[in-house]
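Step one of this worksheet: look at the structure below.
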Amino acid sequence: MSAHGKSVKTTEEVALQILLLCQFGVGTVANVFLFVHNFSPVLTGSKQRPRQVILSHMAVANALTLFLTIFPNNMSAFAPKTPPNELKCKLDFFSHMVARSKNLCSTCVLSIHQFVTLVPVNRGKGKLILRASVPNLWNYSCYSCWFYSVLSNIHIPIKVTGPQITDNNTDSKSNLFCSTSGFIVGMVFLQFSHDATFMSIMVWTSVSMVLLLHRHRQRMQHILTPNQDARGQAETRATHTILMLVVTFVSFYLLNCICIIFHAFSIHSRLFIRLVSEVLAAVFPSICPLLLIFRDPKDPCSVLFKC
């Protein structure tokens, strides 16, 4: 195959790369807006609320995930590709996995915070109140997510190597992908355990919160006042937002895992499957800030996370 042939991409691959660039543009703008809105109290000398702290870190994790998913692999969307060297493979894969782990951990912290703040306290008529958050707890939790994300992926620079260059021209596309050296089963198990733990906590807290709001609404339906009715509508909207965030994250995570498995065993369509996997990986970081921003047109921080 000639050098020109190596640079030719199918229409589907080009379309997926254009879609990735669109996801990057929209998602980055949305995450920057979300970050500025929640970080602005620091710039004005005020103190961030717990939700603002979590959403600031979450916006950074989302933007970093988008950047490392799109670039540098798709920086030259229509240009010939050259095989990456070993150092580039180590840095790219390590940075991507750290950002991905941080994104997962931030979503988990967000779910836990929402559950803790909505735990009911018996104060006359079963009124649902918001408990005061422990000062700096959520700030420490967010920074701990960064530390844990780096620590849990420290093995990647050791095991990831450059592409296995072969003289077989018919398999030239496989030369564009990084490879691993040994302990593959162990790496997969560690990653699965890491993801399953955080996702289980996130799903459990979210479902518990939904059930909590549902029970509270049932208790209050016979003693509604205009203010309580408005609060009930806000709770319903908050419940829907929680469900959308959790379902979106879990659904596209599972689809991305399926693509990764196909990518590992496929030979002739590895580039196409990798692009599909990247599109799926970029969905949540680009949709998440949009859900939080546009769930309530009157409040750019949404009903669920009003600041």
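Heads up, my numbering is the position in the sequence shown plus 3, with the first residue counted as 1. We put the beta carbon where it would ideally sit given N, CA and C, even for glycine. The structure displayed is predicted, hence computed values, not measured ones.
message: Applying the 10 Å Cβ sphere with the 16-neighbour rule, what's the burial state of Ala199?
response: As a working note, residue 199 is residue 196 in the sequence shown. Per the 10 Å Cβ criterion, exposed.
- request: In the DSSP assignment, find the unbroken alpha helix (DSSP H) run with Gln20 in it and report its ends.
  value: As a working note, residue 20 is residue 17 in the sequence shown. Gln20 -> alpha helix (DSSP H) spans 14–46.
- request: Taking the CB atoms as reference points, tell me whether Thr208 and Phe287 lie closer together than 8 Å.
  value: By one-based count along the sequence shown, residue 208 stands at place 205. By one-based count along the sequence shown, residue 287 stands at place 284. At a Cβ-Cβ threshold of 8 Å, Thr208 and Phe287 do not count as neighbours.
query: If you draw a straight line from the alpha carbon of Leu94 to that of Ser49, how long is it in whole angstroms?
result: Taking the first residue of the sequence shown as position 1, residue 94 is located at position 91. Taking the first residue of the sequence shown as position 1, residue 49 is located at position 46. Their backbone Cα atoms lie some 37 Å apart in a straight line.
query: Cα separation between Leu71 and His99?
result: For the purposes of this step, residue 71 is taken as the residue at position 68 of the sequence shown. For the purposes of this step, residue 99 is taken as the residue at position 96 of the sequence shown. So the alpha carbons of these two residues sit roughly 6 Å apart.
query: Quick one: what's got a C-beta closer than 8 Å to Thr14's C-beta in the same chain, skipping five residues either side?
result: Taking the sequence shown and counting its residues from 1, one reaches residue 14 at position 11. Around Thr14: no qualifying Cβ.
- prompt: Among Ile157, Gln51, Pro53, which one has its Cα closest to the Cα of Ala102?
  reply: Locating residue 102 in the sequence shown gives position 99, counting from the first residue. That would be Ile157, whose Cα lies nearest to the Cα of Ala102.
query: Whose C-beta lies closer than 8 Å to the C-beta of Leu140 among residues of the same chain, with five residues either side of it excluded?
result: Taking the sequence shown and counting its residues from 1, one reaches residue 140 at position 137. Hits under 8 Å: Pro53.
Selection from Ile296, Leu295, Leu293, Ala285 that minimises the alpha carbon distance to Ile21: Taking the first residue of the sequence shown as 1, we reach residue 21 at position 18. Of the candidates Ile296, Leu295, Leu293, Ala285, the one whose C-alpha sits nearest the C-alpha of Ile21 is Ala285.
CB of Ala66 within 8 Å of CB of Val35, strictly: As a position in the sequence shown, residue 66 is number 63, starting the count at 1. As a position in the sequence shown, residue 35 is number 32, starting the count at 1. It is a contact, given that the beta carbons lie within the stated cut-off.
task: Look up Val213 in the DSSP assignment and say whether it is helix, strand or coil.
output: Numbered from its first residue, the sequence shown carries residue 213 at position 210. In the displayed model, Val213 falls within a helix according to three-state DSSP.
- prompt: Skipping 5 residues on each side, what residues in its chain have a beta carbon closer than 6 Å to that of Ser114?
  reply: For the purposes of this step, residue 114 is identified with residue 111 of the sequence shown, where counting begins at 1. Hits under 6 Å: Met205, Thr208, Ser209.
- prompt: What are the start and end residues of the alpha helix (DSSP H) that includes Ile161?
  reply: Working through the sequence shown from its first residue, we reach residue 161 at position 158. Its alpha helix (DSSP H) spans residues 159–162.
query: Measuring CA to CA, which of Lys91, Ser104, Val45 is closest to Met358?
result: Absent from the structure is residue 358, since the part of the chain shown begins at 4 and ends at 310.
- request: Note down, in chain order, each residue of its chain lying with its Cβ closer than 8 Å to the Cβ of Gln26, except the 5 sequence neighbours on either side.
  value: For this step, residue 26 is matched to residue 23 along the sequence shown. Take Gln26, set aside five residues on each side of it, and the residues of its chain with a beta-carbon closer than 8 Å to its own are Leu69, Ile73, Val282, Ala285, Val286, Ser289, in chain order.
query: When you compare only the Cα positions, how much space is there between Val56 and Val253?
result: On the sequence shown, residue 56 is found 53 positions in, with the first residue counted as 1. On the sequence shown, residue 253 is found 250 positions in, with the first residue counted as 1. Taking the straight line from one Cα to the other gives about 23 Å.
task: Give every residue of the same chain whose Cβ lies closer than 8 Å to the Cβ of Val45, excluding the five residues on either side of it in the sequence, and list them in chain order.
output: By one-based count along the sequence shown, residue 45 stands at place 42. Excluding positions up to five away in sequence, the list reads Gln51.
- prompt: Which term fits Cys196, buried or exposed, when burial requires 16 or more other beta carbons within 10 angstroms of its beta carbon?
  reply: On the sequence shown, position 193 is the one that residue 196 refers to. Reading the sequence as shown, one finds Ser at residue 196 and not Cys. Result: exposed.
task: Closer than 7 Å by C-beta to Phe38: which residues in its own chain qualify, once you throw out the five before and the five after it? Chain order, please.
output: Indexing the sequence shown from 1 puts residue 38 at position 35. Result list for Phe38: Ser59, Ala62, Val63, in chain order.
query: Terminal residues of the continuous alpha helix (DSSP H) containing Gln51?
result: Taking the first residue of the sequence shown as 1, we reach residue 51 at position 48. Taken as a continuous stretch (DSSP letters only), Gln51 belongs to no alpha helix (DSSP H), as it is neither H nor E.
message: Applying the 10 Å Cβ sphere with the 16-neighbour rule, what's the burial state of Ala33?
response: Stepping through the sequence shown from its first residue, residue 33 is reached at position 30. It is buried - the Cβ of Ala33 has at least 16 other Cβ atoms within 10 Å.
- prompt: Is the distance from the Cβ of Cys111 to the Cβ of Tyr151 below 8 Å?
  reply: Taking the first residue of the sequence shown as 1, we reach residue 111 at position 108. Taking the first residue of the sequence shown as 1, we reach residue 151 at position 148. Contact flag unset, no.
- request: Can you give me the Cβ contacts of Leu294 inside the same chain, cut-off strictly under 8 Å, excluding the 5 residues immediately before and after it?
  value: Within the sequence shown, the letter at position 291 stands for residue 294. Cβ neighbours of Leu294 beyond the five flanking positions: Thr244, Met247, Leu248, Thr251, Ser305.
task: Could you check the C-alpha separation between Gly129 and Arg218 for me, to the nearest Å?
output: In the sequence shown, residue 129 corresponds to position 126, counting from 1. In the sequence shown, residue 218 corresponds to position 215, counting from 1. Low confidence applies to Gly129: its pLDDT is 41, below 50, so where it sits in the model is not reliable, and the reading given next is rough at best. When rounded, the distance between both Cα atoms is 11 Å.
task: Take Cys296 as the anchor and find which of Leu23, Ser211, His40 has the nearest alpha-carbon.
output: In the sequence shown, the residue the question calls residue 296 occupies position 293. Correcting the residue type first, residue 296 is Ile in the shown sequence and not Cys. Checked all of Leu23, Ser211, His40; the closest Cα to Ile296 is His40.
- prompt: By DSSP, does Val112 sit in helix, in strand, or in coil?
  reply: Your numbering for residue 112 matches position 109 in the sequence shown. If DSSP states are grouped into helix, strand and coil, Val112 belongs with the helices.
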